[in-house]
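A short write-up of the structure that comes next.
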Amino acid sequence: MIRFDLTKLRIEHVYVKTITQALGGTITLANMETGETQRHSVPYAVARRFIKEHKVQNYIVPVLSAIMYYDDIIVAVERHHLGNLGMEEEEGLFCKKVWQSVMERYLESIQETLQQGVWFTDATYVYRIQPETELNRVPLSADKKYMSIGVDALAFADFQHKASVRVDASKMATKHCIQYTTECGRSVISPPIWSKVSSIGKVGTSVVKQDGDDAADQALVLQGEHPFDTINNTMLVNINFALKAAKELSDTFGYEAIEPLGLDDLMVKMKTVNLPNLESHIKRTCEIGMTYTHAVAWMLGFVARSNDLHQLMSVRGLLKYIGATGSYQKRKLTNAAVFQVNRGIKDLPLLDCSIIAGDRTKDFVAKTA
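As structure tokens, then:
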């Protein structure tokens, strides 16, 4: 966990020329005096939110905007509410008025709150751990190695939509982290990702979705009092996670960090050295031999090793990824889910290649006749 430092948070007024989700998120800023442009990296989520809200990626005339930085990382972008008509200074009734973004006004209103207690950040939220109660300390496993921890969280991206009022704990969003305790008693807490305890470990069914899936079916993973005790029986980690983890972790922690993924054994199993070139459905539904809880514990180990926000952001993205695209429900590939009642793999007809080739020849002759 990385302590939040209010002095590292700053807001600058800039002119945005383009913003795109390509290359993980990039933003181009224009200097209105010299006409020069400069490209900067921006978190993918920040770029996606800006594009989704304003529906525009490229501006012929650069638009006045406010960018919030935490250290050297862009954590939020707010466009002038008048778009291209917005100006830095506007003529008021009695004097010139300098534009102040909603983020600036909101930051002024919560500075006192952020100076009270111990706050942490992951470049997406600024948060503090809630006092220990039964409601915000929920065991996810019977041995209590996995616990759900409640935190008071403020999202940087929401600063531009907040009213300029003083914030107290009752108005903060409650997010949940996973706390993992090792055999030697050392604990590590993940960044806040989940909005409720019931969503921890829950995976969407878009991987192999069937007709008729209902709400109870979607929440199958978390049935029971301690979901992490049985989650390995229902969830499997797929090749998508292995490929993403290999790329992210090798860039931030070095190539030795990805050895537990066993990519060499995976290449032998799949009979290819080009794992990214596999068919998408194979990468979604082929397990890598790592259980779900081991993958989560492995990610939390990198949370403990993270010394800066760039490393923590990579691990946070992987924790979120494993709960979405990086795993799949085991039962979705059982015979009962794939075949009709009382049917199996033996009921599929086998055709000789010569028969298939002969049928194609007949079709070709019929079309050319």
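According to this note's numbering, the sequence shown holds residues 357 to 725 in order. Idealized CB from N, CA, C, for every residue including glycine. Quick caveat: nothing in here was measured; it's all calculated off a predicted structure.
7 Å Cβ shell around Ile485 - same chain, five flanking residues per side excluded
Sequence index remark: in the sequence shown, residue 485 carries index 129 (1-based). Excluding positions up to five away in sequence, the list reads Ile505 and Val507.
Supposed contact pair Ser546 and Ile534 - C-beta distance, whole angstroms, cut 8 Å:
Position 178 of the sequence shown holds residue 534. Position 190 of the sequence shown holds residue 546. Sure, about 5 Å apart at Cβ, within 8 Å.
So, is Lys531 buried or exposed, given that buried needs 16 or more other C-beta atoms within 10 angstroms?
On the sequence shown, residue 531 is found 175 positions in, with the first residue counted as 1. Lys531 should be labelled buried.
For Arg699, does the count of other Cβ atoms within 10 angstroms reach 16, so buried, or fall short, so exposed?
Indexing the sequence shown from 1 puts residue 699 at position 343. With fewer than 16 other Cβ atoms within 10 Å, it is exposed.
Determine, using beta-carbon pairs with one atom in the stretch 580–591 and one in the stretch 645–658, whether at least three such pairs fall under 8 Å.
Yes, since at least three Cβ pairs between the stretch 580–591 and the stretch 645–658 fall closer than 8 Å, the two stretches touch.
Between which two residues does the alpha helix (DSSP H) holding Ser606 run?
Locating residue 606 in the sequence shown gives position 250, counting from the first residue. Counting along the chain, the alpha helix (DSSP H) containing Ser606 begins and ends at Ile595 to Phe609.
Do you know how far the Cα of Lys686 is from the Cα of Val370?
In the sequence shown, counting from the first residue as 1, residue 370 sits at position 14. In the sequence shown, counting from the first residue as 1, residue 686 sits at position 330. For Val370 and Lys686, the distance between alpha carbons rounds to 49 Å.
Thr376 to Phe406, Cα distance in whole Å?
Here the question's residue 376 lines up with position 20 in the sequence shown. Here the question's residue 406 lines up with position 50 in the sequence shown. Cα to Cα, Thr376 sits roughly 9 Å from Phe406.
Per DSSP, His582 forms a beta bridge with which residues?
If you number the sequence shown from 1, residue 582 lands on position 226. Partner(s): none; His582 has no beta bridge.
Where does Asn594 land, buried or exposed, given buried means 16+ other C-beta within 10 angstroms?
For the purposes of this step, residue 594 is taken as residue 238 along the sequence shown, with counting starting at 1. Buried, because 16 or more other Cβ atoms sit within 10 Å of the Cβ of Asn594.
Beta-carbon within less than 6 Å of Asp570's beta-carbon, same chain only, minus the 5 sequence neighbours each way: which residues are those?
Locating residue 570 in the sequence shown gives position 214, counting from the first residue. Low local confidence applies: a pLDDT of 40 at Asp570 is under 50, so the model's placement there is unreliable, with the coordinate-based value given in what follows. Excluding positions up to five away in sequence, the list is empty.
Residue(s) in a DSSP beta bridge with Phe476:
As a working mapping, residue 476 is identified with position 120 in the sequence shown. For Phe476, which the question treats as bridged, DSSP gives the partners Arg359 and Tyr483.
Proximity to Thr374 [Cα-Cα], best of Ser636, Leu704 and Arg395
Stepping through the sequence shown from its first residue, residue 374 is reached at position 18. Among Ser636, Leu704 and Arg395, the Cα nearest to that of Thr374 belongs to Arg395.
What residue range does the beta strand (DSSP E) around Ser662 cover?
If you number the sequence shown from 1, residue 662 lands on position 306. No beta strand (DSSP E) holds Ser662; DSSP gives it neither H nor E.
Nearest-angstrom Cα distance between Glu604 and Gln667?
On the sequence shown, position 248 is the one that residue 604 refers to. On the sequence shown, position 311 is the one that residue 667 refers to. Taking the CA atoms as reference points, Glu604 sits about 9 Å from Gln667.
Classify Lys453 as helix, strand or coil using the three-state DSSP reduction.
Numbered from 1 along the sequence shown, position 97 holds the residue referred to as residue 453. In the structure shown, Lys453 sits in a strand (DSSP, three-state: E or B).
Can you name the start and end residues of the beta strand (DSSP E) that Ser554 belongs to?
The count along the sequence shown starts at 1 and reaches residue 554 at position 198. Taken as a continuous stretch (DSSP letters only), Ser554 belongs to no beta strand (DSSP E), as it is neither H nor E.
Hey, does Asp361 have any beta-carbon neighbour from chain C nearer than 8 Å?
Looking for chain C here will not work: only one protein chain is present.
Does the stretch 619–628 come close enough to the stretch 668–686 that 3 or more CB-CB pairs lie under 8 Å?
Cβ pair count under 8 Å is below three, so no.
How many angstroms separate the CA atom of Leu385 from the CA atom of Ser543?
Within the sequence shown, the letter at position 29 stands for residue 385. Within the sequence shown, the letter at position 187 stands for residue 543. Rounded to the nearest angstrom, the two C-alpha atoms are 42 Å apart.
Could you check the C-alpha separation between Ala660 and Tyr536 for me, to the nearest Å?
What you label residue 660 is simply residue 304 of the sequence shown in a count that begins at 1. What you label residue 536 is simply residue 180 of the sequence shown in a count that begins at 1. Approximately 11 Å, taken between the alpha carbons.
Using 8 Å for Cβ pairs, my map puts Val372 next to Val402. What's the rounded Cβ distance?
Here residue 372 is taken as the residue at index 16 of the sequence shown, counted from 1. Here residue 402 is taken as the residue at index 46 of the sequence shown, counted from 1. Between Val402 and Val372 the Cβ distance is about 12 Å, and since that is not below 8 Å, they are no contact.
Close-in-space but distant-in-sequence residues of the same chain around Tyr400 (CB under 7 Å, 5 per side omitted):
Mapped onto the sequence shown, residue 400 falls at position 44. Excluding sequence neighbours, Tyr400 sits near Gln377, Gly380 and Gly381.
Opposing strand residues paired with Asp508 [DSSP bridges]
Position 152 of the sequence shown, counting from 1, holds the residue named residue 508. According to DSSP, Asp508 bridges with Arg484 and Thr530.
Under the assumption that Ala513 contacts Glu460 (Cβ atoms under 8 Å), give the Cβ distance between them as a whole number of angstroms.
To locate residue 513, count along the sequence shown from 1; it is residue 157. To locate residue 460, count along the sequence shown from 1; it is residue 104. At roughly 15 Å, the Cβ-Cβ gap does not stay under 8 Å, so Ala513 and Glu460 are not in contact.
Thinking Val458 and Glu445 are a contact (beta carbons under 8 Å), I'd like their distance in whole angstroms, please.
Working through the sequence shown from its first residue, we reach residue 458 at position 102. Working through the sequence shown from its first residue, we reach residue 445 at position 89. Contact doesn't hold; Cβ gap of about 18 Å is too wide.
Which residue marks the beginning of the alpha helix (DSSP H) containing Thr641, and which one marks its end?
Within the sequence shown, numbered from 1, the residue matching residue 641 stands at position 285. Unbroken alpha helix (DSSP H) run through Thr641: Ser636 to Thr641.
Under the three-state DSSP convention, the category Ser421 falls into
As a working note, residue 421 is residue 65 in the sequence shown. Residue state, collapsed to three classes: strand.
Does Ser520 pass the burial test, meaning 16 or more other C-beta atoms within 10 Å, or should it be called exposed?
Locating residue 520 in the sequence shown gives position 164, counting from the first residue. Because the pLDDT of Ser520 is 43, which lies under 50, any placement of that residue in the model is unreliable, and the number read from its coordinates should be weighed accordingly. By the Cβ neighbour-count rule, Ser520 is exposed, with fewer than 16 other Cβ atoms within 10 Å of its own.
Go ahead and pull the three-state DSSP assignment for Ala378.
Translated into the one-based positions of the sequence shown, residue 378 becomes position 22. Of the three classes helix, strand and coil, the one that applies to Ala378 here is helix, per DSSP.
Taking only the alpha-carbon atoms, compute the straight-line gap between Leu510 and Leu706 and give it to the nearest angstrom.
Here residue 510 refers to the residue found at position 154 when the sequence shown is read from its first residue. Here residue 706 refers to the residue found at position 350 when the sequence shown is read from its first residue. Looking at the two C-alpha atoms, the distance is approximately 59 Å.
Could you compute how far the alpha carbon of Leu592 sits from the alpha carbon of Ser683?
Stepping through the sequence shown from its first residue, residue 592 is reached at position 236. Stepping through the sequence shown from its first residue, residue 683 is reached at position 327. Roughly 5 Å between the two C-alpha positions.
Assuming Thr608 contacts Ser670 under a Cβ cut-off of 8 Å, what Cβ separation, rounded to an integer in Å, is found between them?
Position 252 of the sequence shown, counted from the first residue, corresponds to residue 608. Position 314 of the sequence shown, counted from the first residue, corresponds to residue 670. In this structure, Thr608 and Ser670 form a Cβ contact; the two beta carbons are roughly 5 Å apart against a cut-off of 8 Å.
Status (buried if at least 16 other CB within 10 Å, exposed otherwise) for Gly673:
By 1-based counting over the sequence shown, the position of residue 673 is 317. Buried.
Helix, strand or coil for Val431? Go by DSSP, reduced to three states.
Along the sequence shown, one-based indexing puts residue 431 at 75. In the structure shown, Val431 sits in a strand (DSSP, three-state: E or B).
Classification of Glu612 by the beta-carbon crowding that lies within 10 angstroms, buried from 16 upward
For the purposes of this step, residue 612 is identified with residue 256 of the sequence shown, where counting begins at 1. Burial call: exposed.
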